[in-house]
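Comments concern the structure below.
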Amino acid sequence: MKKRRSIRSFSSDPVEKEVIENIIMTASSAPSGANKQPWVFCAISEESIKSEIRKAAEKEEYEAYHGKMSETWLNDLKPFDTDWHKPFLEKAPWLIVVFKKPYGLAEDGSKEQHYYVNESVGIACGFLISAIQQAGLVTLTHTPSPMAFLSKILKRPENERPFLLLPVGYPEKEATVPNIQKKGEAEVIAWY
């Protein structure tokens, strides 16, 4: 897992649906508050839907890069050579959109309580990213803000909220990653 890095340059080489299914089922095995499993994973390979998602995401990203983000934030992003253009949303063979469910819906339409939703979905996303890496694939955590356009495009029910968007595939042959370092033991572990 120490070798895992975010990739922004994807190959268009196909990834079998079964591989994506196995990755998602691994993520869905994550622990959750009261075992409510407050998540849905939408797997998208349809070109027209990926194109629609890219267009909407780039609109949000353009606004973020041109007024919403502080100068400090923009400077912190410079080493990653990223901007509001997101071609990987169309080029990657799959997009996985993770939705959280703040509450469930019973068959009669009444609301069912969910617990520790953000924590539970966050753990499931960690499982998902790990499974992607273990399958020999790459991804990038993409969180355009706001992400409500994903609910609209994918026609998700009212009790689901977009949490994370992950392009998934193989890296492009010439893909590069920034030369970044992860924090060392002394910075991340407090021994008692």
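Here the sequence shown stands for residues 50 to 241, numbered as in my numbering.
A virtual CB, placed ideally from N, CA and C, is assigned to each residue, including glycine.
Treat the numbers as computed from the prediction; the structure is a model and nothing was measured.
Item: Beta-carbon spacing of VAL226, ARG54 below 8 Å; Value: yes
Item: Which residues DSSP lists as bridging TYR152, in chain order; Value: GLN162
Item: Spatial distance of GLN162 from ASN84 (CA atoms); Value: 11 Å
Item: Contact belief for PRO211 with PHE148 at Cβ below 8 Å, rounded distance in angstroms; Value: 6 Å
Item: Residue environment, ALA235, which counts as buried when at least 16 other CB atoms sit within 10 Å; Value: exposed
Item: Three-state secondary structure assigned by DSSP to ALA79; Value: coil
Item: Separation of SER77 from ALA105, as counted between CA atoms; Value: 27 Å
Item: Whether VAL166 touches PRO87 by CB criterion (8 Å); Value: yes
Item: Residue ranges of each alpha helix (DSSP H) within the region 81-150, 4 or longer; Value: 96-112, 120-126 and 137-140
Item: Residue span of the alpha helix (DSSP H) that contains VAL217, given as start and end; Value: Premise fails: VAL217 lies in the beta strand (DSSP E), 210-218, not in any alpha helix (DSSP H).
Item: Coarse secondary structure for VAL187, derived from DSSP in three states; Value: strand
Item: LYS150 versus LEU177, SER200, TRP143 and LEU215, residue with shortest Cα-Cα distance; Value: SER200
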